[in-house]
Amino acid sequence: MAKRFSAFLATSGPVPGRSRTLSEDDIRSLAGSLTPGEPLTWNHDDRTHVDARIVAADLRRTPDDELGLWVEVEVDDQVFEALPDRFGFSVGFGREDFPLDPESDLPTIQLAVDSENFSEDDLVGALTALQANFNVSAGWFDQYSELPPPVVIIGLGLMFVQTIAPEVLKSVLVEAIKDRLFHPRSGRPTLFHVHLKSTDREIRAHIETSDPDVFREAAGLLRDLVGREGEAFDFLPGENDWKRIR
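Per our numbering, the sequence shown starts with residue 3, numbered consecutively.
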């Protein structure tokens, strides 16, 4: 059997303790992206899917006349009972603040940085450093969970990773971010979600670390994932290898 219930997900109004506010256009865009059947993740961690499904999304005005987003969710009874007592829903929303240069012929990279755990200097500094070797699209990743983890999302072309020498990839990535994205305000390790994309495949590689050398080793092994079965992997520093998640 499954439980079905509604939950308030997001608002265009100010959220206590959060530095950024979603606009009404953001709320509409978010509602449009919530397709029925889409799985949920636990605490914005793409490695952990919850066996719950969005059934419907609805836009309504809040008592403060802000635009609010409600969702209807279906959860299996046993899954629901196993969840912690403080179970709720929150949203993560990415935005592009710095678009690609349409005249650049450099390889593209997408960068999204958690707005609660990193500063504007961190984002702009990483963007500027990456522009020496990439055509960069960059922006903030806004999280509205109670204790959002430090998250950095990096998108690379799968074919690019296949063709560039691992030593070069390690160098250009780590040198750009090592002084900026490994020491978030929370003091917790940064969770890097690296998405390798082609027209017919996407591989998600997850690296959780405070150590640039660990990230450097993982970046040098990204090419190995292209030939493996699976769509999501977690880096194991002690084994210097990837573990398949899905």
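From the three backbone atoms N, C-alpha and C, an ideal C-beta is built for every residue, glycine too.
Checklist entry - Looking at the unbroken alpha helix (DSSP H) that takes in Q133, where does it start and where does it end? => result For Q133, there is no enclosing alpha helix (DSSP H), as DSSP gives it neither H nor E.
Checklist entry - Do V73 and N135 have their CB atoms nearer than 7 Å? => result N135 is positioned such that its CB atom lies no closer than 7 Å to that of V73.
Checklist entry - Where does I29 fall in DSSP's three states? => result Of the three classes helix, strand and coil, the one that applies to I29 here is helix, per DSSP.
Next on the checklist: Just verifying my parser: in three-state terms, what is the DSSP assignment at I179?
Outcome noted: Here I179 sits in helix by DSSP.
Checklist entry - What's the C-alpha gap between G240 and I209? => result Linking G240 to I209 through their CA atoms gives a straight-line distance of about 12 Å.
Checklist entry - By Cβ distance below 6 Å, which residues in the same chain neighbour G70 in space, the five residues on each side in sequence not counted? => result Its chain contains T13, R62 and T64 as the residues whose beta carbon lies nearer than 6 Å to that of G70, once the 5 sequence neighbours on both sides are disregarded; these appear in chain order.
Checklist entry - Candidates D28, G15 and D60: which alpha carbon is nearest A9's? => result Here the closest residue by C-alpha is D60.
Checklist entry - Under the three-state reduction of DSSP, which class applies to P79: helix, strand or coil? => result Checking the sequence, you will find Asp at residue 79 rather than Pro. It is helical.
Checklist entry - Whose C-alpha, out of P151, G96, S117 and K180, is nearest the C-alpha of S139? => result Residue G96 is the option with its Cα nearest to S139.
Checklist entry - Is the beta carbon of P150 less than 7 Å from the beta carbon of E118? => result Their beta carbons are under 7 Å apart, which means P150 touches E118 by this criterion.
Checklist entry - Leaving out the 5 sequence neighbours to the left and right, which residues in its chain are closer than 6 Å to R88 when beta-carbon positions are compared? => result Because the pLDDT at R88 is just 46, under 50, the model does not fix this residue reliably, and the point stays unresolved.
Checklist entry - At a cut of 8 Å, does the stretch 157-172 reach the stretch 125-134 through at least three beta carbon pairs? => result Touching, no.
Checklist entry - In three-state terms, what does DSSP make of R63? => result Three-state DSSP puts R63 in a strand.
Item to check | DSSP three-state assignment for S8, whether helix, strand or coil | outcome: Per DSSP, reduced to three states, the secondary structure at S8 is strand.
Next on the checklist: Assuming the contact rule is C-beta atoms closer than 8 Å, V176 and F217 should be a hit. Round their C-beta distance to whole Å, please.
Outcome noted: The pair is a contact, with the Cβ atoms about 6 Å apart (cut-off 8 Å).
Item to check | Whether R230 touches V163 by CB criterion (7 Å) | outcome: No.
Item to check | Proximity below 7 Å, CB of K180 to CB of A221 | outcome: It is not a contact, given that the beta carbons lie outside the stated cut-off.
Checklist entry - Residue range of the beta strand (DSSP E) that A167 falls in? => result Segment: none, A167 is in no beta strand (DSSP E) and carries neither H nor E.
Checklist entry - When DSSP builds the beta bridges, which residues end up paired with R206? => result In DSSP, R206 forms a bridge with H197 and A234.
Next on the checklist: So the candidates are F7, A33, P109 and E98; which of them puts its Cα closest to the Cα of V77?
Outcome noted: With distances taken between CA atoms, V77 lies nearest to F7 out of F7, A33, P109 and E98.
Next on the checklist: Does the CB of V138 have a neighbour CB from chain D at under 7 Å?
Outcome noted: Structure shown: chain D not included; a single protein chain is present.
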